[in-house]
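Numbering (our numbering), first residue to last: 194 to 693. Think of the CB as a built atom: it goes at the ideal place given N, C-alpha and C, for glycine as much as any other residue. Source: prediction; values computed, not measured. The structure appears right after this line, and notes come after that.
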Amino acid sequence: MAFYFKEPAHTFGEYLLVPGYSSDKCIPANVSLKTPLVRFRKGEEPAITLNIPMVSAIMQSVSDDNMAIALAKEGGVSFIYGSQTVEQEAAMVSRVKHYKSGFVSSDSNIKPTTTLGEILELRDKTNHSTMAVTEDGTPTGKLLGIVTSRDYRVTRMSMDTQAKEFMTPFEKLVYAGVNTTLSEANDIIWDNKLNMLPLIDKDQRLRYMVFRKDYTDNKENTLELTDSDKRYLVGAGINTRDYAERVPALLKAGADVLCIDSSEGFSEWQRITLKYIHENFPEAKVGAGNVVDADGFRFLADAGADFVKVGIGGGSICITRETKGIGRGQATAVIDVCKARDEYYEETGVYVPVCSDGGIVHDYHMTLALAMGADFLMLGRYFSRFDESPTNKIKLNGTYYKEYWGEGSNRARNWQRYDLGGDKKLSFEEGVDSYVPYAGSLKDNVGVTLAKMRSTMCNCGALNLKELRDKAKLTLVSSTSIVEGGSHDVILHEKFGGRN
Ligand code: IMP
194 MAFYFKEPAH
204 TFGEYLLVPG
214 YSSDKCIPAN
224 VSLKTPLVRF
234 RKGEEPAITL
244 NIPMVSAIMQ
254 SVSDDNMAIA
264 LAKEGGVSFI
274 YGSQTVEQEA
284 AMVSRVKHYK
294 SGFVSSDSNI
304 KPTTTLGEIL
314 ELRDKTNHST
324 MAVTEDGTPT
334 GKLLGIVTSR
344 DYRVTRMSMD
354 TQAKEFMTPF
364 EKLVYAGVNT
374 TLSEANDIIW
384 DNKLNMLPLI
394 DKDQRLRYMV
404 FRKDYTDNKE
414 NTLELTDSDK
424 RYLVGAGINT
434 RDYAERVPAL
444 LKAGADVLCI
454 DSSEGFSEWQ
464 RITLKYIHEN
474 FPEAKVGAGN
484 VVDADGFRFL
494 ADAGADFVKV
504 GIGGGSICIT
514 RETKGIGRGQ
524 ATAVIDVCKA
534 RDEYYEETGV
544 YVPVCSDGGI
554 VHDYHMTLAL
564 AMGADFLMLG
574 RYFSRFDESP
584 TNKIKLNGTY
594 YKEYWGEGSN
604 RARNWQRYDL
614 GGDKKLSFEE
624 GVDSYVPYAG
634 SLKDNVGVTL
644 AKMRSTMCNC
654 GALNLKELRD
664 KAKLTLVSST
674 SIVEGGSHDV
684 ILHEKFGGRN
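Right under this line is the structure:
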């Protein structure tokens, strides 16, 4: 006879935290959000610790090198998507590892013949108004000038006007050599009242741009996550098919941590992949998943996973539960797996961190997942809304959206993620192609989310994530108390066009 779980499976939205005693030490400034990323033995330190409990999802529409840099600056890690060629993925990893904080490789490049119309299109797409004009239009071509929004008047000029007619030409630019340090560059920026300083090599080829605003940003990134050489930490997704080729290339490119990306992780394919990696690259760190119960956790922990990812069917773009009838409410899955993690730690002295993956809708869901025991969270929809995600920003009916699609959608065609040893094709979809409301910069949004998290933790009397887990008091809520939780029985000012 089939096994029946006694309790129904719940989602985050069905729970609330009940506050505990807050001492006068419980202020947000005292809260630490540090958390282990990979397994460690009792009494030892994990090889990698995150400064904030957030990682970005292994998805085409979320995690590229740009996202990885932005998130590492805030203290988390991105897992670069694996549904691209080995070379492309390794190149993204390598770009993160070679990124020099404050030194930007130009991503908005134009030729002297680029028209004003094309420039405006590029500006809308990238959100960058400063563009380097290079001889061949590449990021490292010979620098011929710069175009900023101060160089043209959209209302007075023809859209066919070419950049060479209105750019600030090279002769009039202040620039510096490629070996200039960040602090020297900033002195030049201040002395000359510049917004951006181009750094060029001896052949006048553009190498980097240093922006005035980045200097302030970099000074503010107190939680940034770097390795011993001060390079940003980056993760990368792998699959259970081409690991013998992909893993060496990613490690060579500098990936700090890998993760097997699969919709269902309780499988022999994952065990074989983990075995290959541990035998061939004993120093490599690799997470596995996804599972939703204690049996799945134990299987992957025994197989050597450095962390275990939890979640099937809860992702915002996911239709796995509807399509295949498998999955489990995310909150119940996290609670169950975290209990198994703690038992495993008791028994073996090995702590295998748990990642709650998917299904986070509101910021407070993150705090709930952490209170339920998750060590960190993997987020797709959340990060896809930001400037730094790789997808297009689109205006629909006057509102901006970003594109966001699942790895199991026809658009991504990531058959390896759903592979059970069959054909190299997706015979049915497990994800959708969608839009999400555009939300601005990662830095601003993560800042607000973490402020809420720290505040709730203080309400629970917790100054770190372990204390949150130990002290949290959680209650299931009835459907009527969910209504009570929003504003109710009042007429909002917005209805009448806002406050007078
Ligand atoms: P979100 O944060 O709720 O948007 O969920 C993101 C997570 O959904 C990812 O980290 C994956 O585990 C999962 N996911 C990504 N693509 C698909 C898909 O096409 N179908 C099902 N799940 C997906």
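A distance criterion of 7 Å places the beta-carbon of C511 in contact range of ligand 1, judged by its closest non-hydrogen atom.
The three-state reading of DSSP puts Y345 in coil, since its state is none of H, G, I, E or B.
Assigned with DSSP and collapsed to three states, V450 falls in strand. Residues of the same chain with a CB within less than 6 Å of the CB of V211, apart from the 5 flanking positions on each side, are K666, T668 in chain order. DSSP links Y208 through a beta bridge to L669. Looking from the CA of E413, the closest CA among S294, Y575, F272 belongs to S294. Taken atom to atom, the span from the alpha-carbon of A448 to that of I273 is near 9 Å. Taking the C-beta atoms as reference points, M260 is found nearer than 8 Å to F576. With contacts defined as CB atoms closer than 8 Å, L658 and L264 fail to qualify as a contacting pair. Contact between the stretch 303 to 310 and the stretch 453 to 463 is absent, with fewer than three C-beta pairs closer than 8 Å. Secondary structure of G624 (DSSP, three-state): strand. The stretch 550 to 566 and the stretch 493 to 506 touch, with three or more beta-carbon pairs separated by less than 8 Å. For K664, the CB contacts under 8 Å within the same chain, skipping 5 residues up- and downstream, are G213, C653, G654, A655 in chain order.
Measuring C-alpha to C-alpha distances from Y537 to each of M247, R232, S298 identifies R232 as the nearest. By the neighbour-count definition (other C-beta atoms within 10 Å, threshold 16), R574 is a buried residue. Under DSSP, the beta-bridge partners assigned to K588 are Y593. Spatial neighbours of N607 in its own chain (CB-CB distance under 6 Å, excluding positions within 5 residues in sequence) are listed in chain order as S276, E600.
Between F474 and M350, the alpha-carbon positions lie close to 59 Å from each other.
The beta carbon of G497 is closer than 6 Å to those of L467, H471 in its chain, skipping five residues each way along the sequence.
When Cβ pairs closer than 8 Å are counted between the two stretches, the stretch 637 to 652 is seen not to touch the stretch 617 to 627, the count staying below three. Fewer than three Cβ pairs drawn from the stretch 580 to 589 and the stretch 555 to 562 lie within less than 8 Å of each other, which leaves the two stretches out of contact.
Cα atoms of V543 and L661: separation of roughly 21 Å, rounded to the nearest angstrom. Sorting A632, E314, H555, A605 by C-alpha distance to the C-alpha of Q253 places A605 at the top.
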